[in-house]
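Enquirer:
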Amino acid sequence: MLQVCLNGVRRRSDSRRVPVTPGELAIEAARAVEAGAQDVHLHPKGADGVDSLEPRVVGEAVSSVRAVVPEGVRVGVTTGAWAVPEPGRRAELIRSWTVLPDHASLNWHEEGAEAVADALLEHGIGIEAGVWSGTDGARRFRAWPQAHRVLRILAEVTDTDPVTAADTATALVRELGDRPPVPLLLHGEDDGAWTVLRVAAGLGLDTRIGLEDVLTLPDGSDAQDNAHLVRVARKVLDEHRVRRS
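Note that my numbering has the sequence shown beginning at 8, numbered continuously upward.
1. Can you name the start and end residues of the beta strand (DSSP E) that aspartate 125 belongs to?
2. Do alanine 36 and arginine 47 count as a contact pair if the criterion is CB distance below 8 angstroms?
3. Taking all protein chains shown into account, decide if glutamate 93 is buried (16 or more other Cβ within 10 angstroms of its Cβ) or exposed.
4. Round the Cβ separation of alanine 51 and valine 40 to the nearest angstrom and send it over; I've been treating them as touching at under 8 angstroms.
5. Would you kindly work out how many angstroms separate the C-alpha atoms of threonine 142 and aspartate 220, rounded to a whole number?
6. How many angstroms separate the CA atom of alanine 154 from the CA atom of glutamate 135?
7. Within its chain, find whatever has a CB closer than 7 angstroms to the CB of threonine 105; leave out the 5 residues flanking it on each side and keep chain order.
8. State the DSSP-derived secondary structure class of glycine 209, mapped to helix, strand or coil.
9. With contact counted as at least three CB pairs below 8 angstroms, one residue from each stretch, are the stretch 108-121 and the stretch 144-151 in contact?
10. Just the C-alpha distance for threonine 177 and proline 108, rounded to the nearest angstrom, thanks.
11. Give the secondary structure of histidine 110 by DSSP, where H, G and I count as helix, E and B as strand, and everything else as coil.
12. Alpha carbon to alpha carbon, how far is glycine 217 from valine 11? Give it in angstroms, no decimals.
13. Between the alpha carbons of histidine 110 and leucine 210, how many angstroms are there, rounded?
14. One question on the structure: do alanine 240 and leucine 193 come within less than 8 angstroms of each other, judged by their Cβ atoms?
15. Would you identify the three-state DSSP class for tryptophan 201, choosing helix, strand or coil?
16. Taking the alpha-carbon of proline 225 as reference, which of Asp213, Val203, Leu127 has the nearest alpha-carbon?
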């Protein structure tokens with residue numbers, strides 16, 4: 008499965024290509040899915056361009072994207088602590104959502120992850136358990152009694168050095184165990200993004216690509232948009248699929 012991550016914490020000041028408004032997210036999502044993405048992850052943003060968990064903001068973003076992608080394409084959002092640092096408030100906001108995403112990413116190294124997870128599970132929202140390299144996220148996630156209830160593990164390689172990112176990715180997968188309780192999506196970021204995508208392809212794992220993770224193509228040139236990244240990623244994945252067959 009290839010997921011597109013449309014914008015992340017990036018703002019318009021980072022790149023004019025980054026979608027911010029619900030309308031922009033919808034256009035980018037539709038094009039990315041047409042290019043081959045099978046799942047959508049986005050960061051709803053307020054009028055200030057900053058990530059928001061407010062119910063109106065989340066509802067508008069999710070509704071706009073859901074209206075333009077085919078039925079069966081899941082739409083997910085972030086619950087990052089950078090948007091709302093206090094975990095109790097994050098859980099409160101999630102419980103106030105009226106338009107529910109299909110899934111939400113939840114970083115396991117963040118304080119109060121278990122309480123936020125409870126709020127998501129109460130709503131029936133699938134959890135992407137974010138486990139970052141270089142943190143205690145893997146240990147904390149494995150120790151959580153309800154780890155088997157998440158939708159998938161979102162294994163994020165924070166090592167952005169293309170020379171070492173592959174080894175970091177392999178180590179993170181190994182740390183999560185030979186038989187994790189749920190599917191594993193492996194991805195990198197910035198200069199390590201394409202390296203890690205190739206590792207995921209070689210291991211036959213789900214992965215993702217998009218302007219949240221990287222603004223450039225494997226050759227270093229600028230990506231035109233999320234669909235451009237997805238098309239190139241699909242070629243990489245298809246090449247690895249042929250090699251494994």
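Built from N, CA and C at the ideal position, the CB exists for glycine as well. Source: prediction; values computed, not measured.
Expert: Based on what the coordinates show:
1. Careful: aspartate 125 lies outside any beta strand (DSSP E), inside the alpha helix (DSSP H) at 120-130.
2. A quick correction: the sequence has valine, not arginine, at residue 47. In this structure, alanine 36 lies closer than 8 angstroms to valine 47 by Cβ.
3. exposed
4. The displayed chain sequence assigns proline, not alanine, to residue 51. Actually they do not touch by this definition, with Cβ atoms about 18 angstroms apart.
5. 19 angstroms
6. 11 angstroms
7. Pro62, Gly66
8. helix
9. yes
10. 30 angstroms
11. strand
12. 5 angstroms
13. 24 angstroms
14. no
15. helix
16. Val203
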